[in-house]
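Have a look at the structure below, then the notes.
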Amino acid sequence: MSRRRFITAAAGLTLASGTSAFAQAPAPALMTRASDSLMPRGKSQRVVILGGGWGGLNAAKQLRQVAPDLEVVVLERNPVFFSCPMSNKWLVDVVDSNFLTWDYLRIAEKHGYRFIQTEVLAVERDKRRVITAAGGLDYDYLIVSPGIRYHYEAWFGNDRRAAEATRARFPGAYIPNAEHYALKRALHDFKGGDLVMTLPPPPQRCPPSPYERACLIASLFQQKKIKGRVIILDHKDGIRPIGLGFRQAFEELYKDVITYVPNARISEVDPFNQRIKTSAGDFKFDHAVLMAPHQAGDLAWRAGTVGAPVQGRPGGWADVDPLFLNTKDDPRVFVIGDAVGFVSPQFAFYPKAGHVANRHAKIVAKYIAAMAAGRAPVAELPDNLCYMLVNTQPREAIAVQFDYKVNAQGIIEQTQRDDNERRASLVTEDFQWAKVMYEDMFT
Ligand SMILES: Cc1cc2nc3c(=O)[nH]c(=O)nc-3n(C[C@H](O)[C@H](O)[C@H](O)COP(=O)(O)OP(=O)(O)OC[C@H]3O[C@@H](n4cnc5c(N)ncnc54)[C@H](O)[C@@H]3O)c2cc1C
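When you line the sequence shown up against my numbering, it's residues 232 to 674, in that order.
The following block contains the structure:
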């Protein structure tokens with residue numbers, strides 16, 4: 232058929248069917264009508280949990296145990312759980328992927344809560360309704376556990392291109408899990424030169440873990456005999472927490488590899504030309520782990536829980552009652568884990584740690600159980616324990632512990648104990664800690 236006759240025939244086909252050959256079919260209803268009810272109401276009161284991470288999963292299991300009459304639904308965008316705790320060790324092959332990843336559906340079935348893999352789009356607080364990509368559902372109690380977002384606006388304003396280039400090429404790998412795979416690949420492909428890490432200003436997710444990451448990357452370079460430098464650009468004036476333990480590791484184990492730069496406040500990041508300007512000088516890099524400032528995850532904003540800055544501390548975190556963790560405008564809406572904002576004039580924010588998220592989850596589950604049974608909740612406080620691997624040959628770790636109490640003025644006080652002496656026994660404790668934490672969520 233000549234080209235002209237083919238075009239004519241095709242046009243005839245279009246006319247004969249009365250529509251263009253490229254007309255779109257109507258999308259199936261289950262895909263499109265996000266406001267349709269996802270789950271009908273049963274007889275029980277319903278707790279909807281936004282986010283199936285460290286806070287959300289602990290809350291779901293705990294609620295089923297302390298309030299078995301409540302219906303519990305977890306909404307999570309990811310198909311598989313990927314743990315940030317222990318992920319620095321995975322970057323350098325101390326643990327494998329199976330150690331970090333877990334199956335959501337099996338554990339939901341075992342404990343009798345519903346797990347729905349979907350994107351949460353909005354929360355209609357006035358109607359007590361959550362809108363997801365799979366439909367809407369009503370709640371009696373809401374637990375918001377969205378983790379963090381990167382506040383790229385602080386670096387790039389509204390320049391999405393620069394933000395996305397940074398995320399894609401030099402990810403901070405503080406939000407699971409595509410970024411973690413990208414960073415692992417970059418580290419194992421690294422041929423030498425300067426690898427720069429920008430540390431976010433406080434408050435940030437897991438404050439000691441960037442220093443652990445630096446130690447483990449340095450040890451990888453040593454093992455693979457890569458001529459590389461790890462340059463840490465720290466917003467702070469010194470390493471915190473476990474400062475002495477990390478400083479000793481840097482000096483005694485990685486003197487020629489790690490360069491620590493305090494007071495490095497970022498003024499400009501250029502992911503295209505691989506340059507950073509800071510108050511401590513300008514740096515060019517061959518690769519980088521660009522950690523923008525952290526804020527409460529997008530969902531905390533969509534749920535209308537984020538408040539204004541408090542007492543000069545950075546804003547962007549959920550405004551909650553310090554003891555009961557409910558938003559100040561609604562006793563039935565709780566925020567747990569990293570998204571929680573200012574709680575004390577003494578220490579400002581709880582450490583943004585999986586351990587704290589675990590404790591918040593258990594505490595809030597008890598609050599909801601009490602409220603649903605018509606009782607007043609009794610305030611409880613979390614604790615925090617964190618181990619950091621600083622040496623791989625031999626394996627040695629350091630640690631930090633935090634405890635909390637309410638003082639006579641009703642203010643939450645924090646006690647911090649750094650364990651700076653690196654030793655093998657703390658590595659054993661770290662793996663025991665992870666086992667207990669995983670069991671809490673997954674067995
Ligand atoms: C490298 C690294 C090392 C760490 N090491 C430790 C450690 O040793 N010890 C420790 O205690 N803590 C550690 N942490 C911190 C720990 O990971 C966090 O504190 C913990 O994950 C916080 O729990 P969360 O529930 O607040 O947030 P997350 O665990 O991040 O859970 C949030 C969930 O919400 C989901 N979500 C977000 N938005 C939506 C949406 N719109 N729709 C649907 N789902 C959504 C996310 O996919 C995610 O699963 C580490 C973190 C990092 C990055």
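We put the beta carbon where it would ideally sit given N, CA and C, even for glycine.
Please read these numbers as outputs of a predicted model, since none were measured by experiment.
DSSP lists 302 as the bridge partner or partners of residue 277. Per DSSP, the unbroken beta strand (DSSP E) holding residue 498 starts and ends at 497-501. Residue environment analysis places residue 593 among the buried positions, since at least 16 neighbouring C-beta atoms fall within 10 angstroms of its C-beta. Boundaries cannot be given for residue 317, as no alpha helix (DSSP H) includes it and DSSP labels it neither H nor E. Minimum Cα-Cα distance from residue 446 among the listed residues 664, 320, 279 and 289 corresponds to 320.
Taken in chain order, the complete beta strand (DSSP E) segments of 3 residues or longer contained in the region 492-553 are 497-501, 506-509, 512-515, 518-521 and 525-527.
With a threshold of 16 other beta carbon atoms within 10 Å, residue 268 falls short and is exposed. Relative to the Cα of residue 309, the nearest Cα in the group 257, 347, 330 and 277 belongs to 347. Of the residues 629, 646 and 630, the one whose Cα lies closest to the Cα of residue 637 is 646. The region 332-414 is shown to contain whole beta strand (DSSP E) runs of 3 or more residues at 332-334, 345-348, 351-355, 360-363, 366-369, 372-375 and 379-381, in chain order. The shortest CA-to-CA distance from residue 600 to any of 562, 495 and 298 is the one to 298.
In summary, residue 397 is buried, with 16 or more beta-carbon neighbours lying within 10 Å of its beta-carbon over all protein chains present.
Assigned with DSSP and collapsed to three states, residue 587 falls in helix. For residue 565, the enclosing beta strand (DSSP E) stretches over residues 561-566. If you draw a straight line from the Cα of residue 575 to the Cα of residue 458, it is about 45 Å long. Checking the 6 Å criterion, the Cβ of residue 419 is out of range of every heavy atom belonging to ligand 1. For residue 514, the closest alpha carbon among the candidates 383, 596 and 496 is that of 496. Distance between residue 324 and residue 642, taken at the CA atoms: about 43 Å.
Contact between residue 425 and residue 516 holds, since their C-beta atoms are separated by about 5 Å, short of 8 Å. The region 525-543 and the region 366-385 touch, with no fewer than 3 CB-CB distances between them shorter than 8 Å. The Cβ atoms of residue 672 and residue 443 do not sit closer than 7 Å to each other.
Under the Cβ criterion (8 Å, minimum of three pairs), the region 343-363 counts as touching the region 301-308.
Around the beta carbon of residue 509, 16 or more other beta carbons lie within 10 angstroms, which makes this residue buried. For residue 424, the enclosing beta strand (DSSP E) stretches over residues 424-430. Assignment of residue 578 by DSSP, reduced to helix, strand and coil, places it in the coil class.
If only uninterrupted alpha helix (DSSP H) runs of at least 4 residues are considered, none is enclosed by the region 604-641. Burial of residue 627 is indicated by the presence of at least 16 other C-beta atoms within 10 angstroms of its C-beta.
Within the same chain, Cβ atoms closer than 7 Å to the Cβ of residue 453 are found at 488, the five residues on either side in sequence being excluded. One Cα belongs to residue 331, the other to residue 410, and the distance between them is close to 14 Å.
Relative to ligand 1, the beta carbon of residue 351 is positioned inside 6 Å of a heavy atom. Cβ neighbours of residue 548 within its own chain (closer than 6 Å, five residues either side excluded): 527 and 572. Residue 440 is not a Cβ neighbour of residue 623, given a cutoff of 7 Å. Residue burial is scored here from C-beta neighbours: residue 419 has fewer than 16 other C-beta atoms within 10 angstroms and is therefore classed as exposed.
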